[in-house]
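Read through the structure below, which is laid out as structure tokens, and then see the notes.
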Amino acid sequence: DAYARTYSGHQNVAVDGHTIRLVPLRVVTKPIRLLAAAGRPIEPGTLDTLGGVVAIAIERAHFLEERKAAELTRQSEELKTALLASLGHDLRTPLTAIRIAASNIKASWMTHAARARQTDLILSEVERLTRLFQNILDMARIDAGAIAAETRWTHPSEIIAAARGQVEQTLQRHSLDVHVDPDVPVRLDPRLTATALAHLLENAAQYSPAGSTISVSARVTDEGLAVQVADRGPGIAPADLPYLFDRFYRGAAATTHLSGTGMGLAIARGLLAVERGRIWAENGPDGGAQFTILVPAATKGSEPPLS
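Taking our numbering, the leading residue of the sequence shown gets 25, the next gets one more, and so forth.
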């Protein structure tokens, strides 16, 4: 820009015995760059025309970059707003429940059974808070690329059991129907896979009626370990399918009575991506939603022998 302001018109400069013609590039009257032309002589008017076209192209590129930056800033602000709104609700609800339950336990009129129920409520809400903060940490680590896969041998049934243990309180009002065929050793990252599966179980529990069954089936294929979670909820609206795994997105079936920040499915996708795995969703043939994860995994017979 400084050089462009120095030259008010065409200038000839000698470089290694060659004559270089410098043409200021202007947008309206503002010089922004210099166009250097060498080789056979070109008419000044042609150079000015060419310079005008180049200046317009540069200005348009700058405009598109600024517009993209503005759009990214807007999206970032929307994400922050959505996160704060969700966190405000999801923090206030369990904290209120914990405070009330703790006060009830101190009451002299409480029976032993009633105190036990209040204690269970506190434990459930504490787990809910723990999951919320863990989700925030996981999302930050995914964004920072700070998660690495650590593979080891494990069984599909162990992964399902670990995932179930992570959301045990959430699954209390549902029964789990687990089918694994075959339950053979696979080599993958059991921690990442189980955590991703836990998010699917939590999602199924939130959208399924109390007392309903959540089905979990696992199988080992040539592509790796496939695990499917099927619920008895309202299913997935067609308009929601393209956005299910976007962070903070909550589908049409979500109501004000359902808690959640909309991070769970996005985190599951991010964790699986570290393992080069995939996740997708569809409606079940008999109703409800089906979520499937597929993680590349070696089996005992597929690994090359040690040399």
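Just so it is clear, CB atoms sit at the ideal spot from N, CA and C, and this is done for glycine as well.
No experiment lies behind these values; they were computed from the predicted model shown.
Classification of Pro180 by the beta-carbon crowding that lies within 10 angstroms, buried from 16 upward: Classification of Pro180: buried, given that the 10 Å Cβ count is 16 or more.
Assign Ile80 to one of three DSSP states: helix, strand, or coil. If DSSP states are grouped into helix, strand and coil, Ile80 belongs with the helices.
Put Ser239 into one of helix, strand or coil per three-state DSSP. DSSP places Ser239 in strand when its eight states are reduced to three.
Can you tell me where the alpha helix (DSSP H) holding Ile171 begins and where it ends? Per DSSP, Ile171 belongs to no alpha helix (DSSP H) and is neither H nor E.
What residue does the alpha helix (DSSP H) around Ile303 start on, and which one ends it? Element bounds for Ile303: not the alpha helix (DSSP H) but the beta strand (DSSP E), Arg302 to Asn307.
What does the alpha-carbon distance come out to for the pair Ala229 and Ser199? In this structure, the alpha-carbon of Ala229 lies about 10 angstroms from that of Ser199.
Using C-beta distances below 8 angstroms, list every residue in its chain close to Val143, excluding the 5 sequence neighbours before and after it, in chain order. Checking the displayed sequence, the identity of residue 143 turns out to be Thr instead of Val. Excluding residues within five positions, the ones whose Cβ falls inside 8 angstroms are Ala125 and Ile129.
Quick one: Cα of Arg64 to Cα of Arg50, how far? The straight-line gap separating the alpha-carbon atoms of Arg64 and Arg50 is approximately 24 angstroms.
Alpha carbon of Ala26 to alpha carbon of Leu58, nearest angstrom: Confidence in Ala26 is poor, its pLDDT being 47 and thus under 50, which makes the residue's placement unreliable; the coordinate value appears in the next sentence. If you take the alpha carbons of Ala26 and Leu58, they lie about 10 angstroms apart.
Which listed residue (Arg215, Pro233, Ile238 and Pro214) has its alpha carbon closest to that of Leu225: Out of Arg215, Pro233, Ile238 and Pro214, Ile238 has the C-alpha closest to the C-alpha of Leu225.
For Thr316, the residue or residues it bridges with in DSSP: DSSP, once it has assigned bridges, lists Gln252 and Trp304 as partnering Thr316.
Between the C-alpha atoms of Thr219 and Ala187, what's the straight-line distance to the nearest angstrom? Computed Cα separation, rounded: 6 angstroms.
Would you call the region 238-253 and the region 285-296 in contact, with 3 or more CB pairs under 8 angstroms? Verdict: no, contact absent.
Three-state class that DSSP yields for Ile166 in the structure shown: Correct three-state label for Ile166: helix.
Between the region 162-170 and the region 199-215, do at least 3 Cβ pairs fall closer than 8 angstroms? The region 162-170 is not in contact with the region 199-215.
Give the range of the alpha helix (DSSP H) segment to which His223 is assigned. Unbroken alpha helix (DSSP H) run through His223: Pro214 to Tyr231.
Exposure label - Arg84; buried when at least 16 CB within 10 Å: By the neighbour-count definition (other C-beta atoms within 10 Å, threshold 16), Arg84 is an exposed residue.
Out of Pro214, Arg152, Ala60 and Val47, which has the shortest C-alpha to C-alpha gap to Thr194? Closest by alpha carbon: Arg152.
Would you call Gly311 buried or exposed, if buried means 16 or more other Cβ atoms sit within 10 Å of its Cβ? Exposed.
For Leu59, does the three-state DSSP call read helix, strand or coil? Residue state, collapsed to three classes: strand.
When DSSP labels each residue in this structure, what does Ile44 get in the three-state scheme? Of the three classes helix, strand and coil, the one that applies to Ile44 here is strand, per DSSP.
Cα-Cα, which of Ile66, Leu96, Thr117 and Ala173 is closest to Ser148? Check the Cα spacing between Ser148 and each of Ile66, Leu96, Thr117 and Ala173: the tightest is with Thr117.
Assign Ser199 to one of three DSSP states: helix, strand, or coil. Strand at Ser199.
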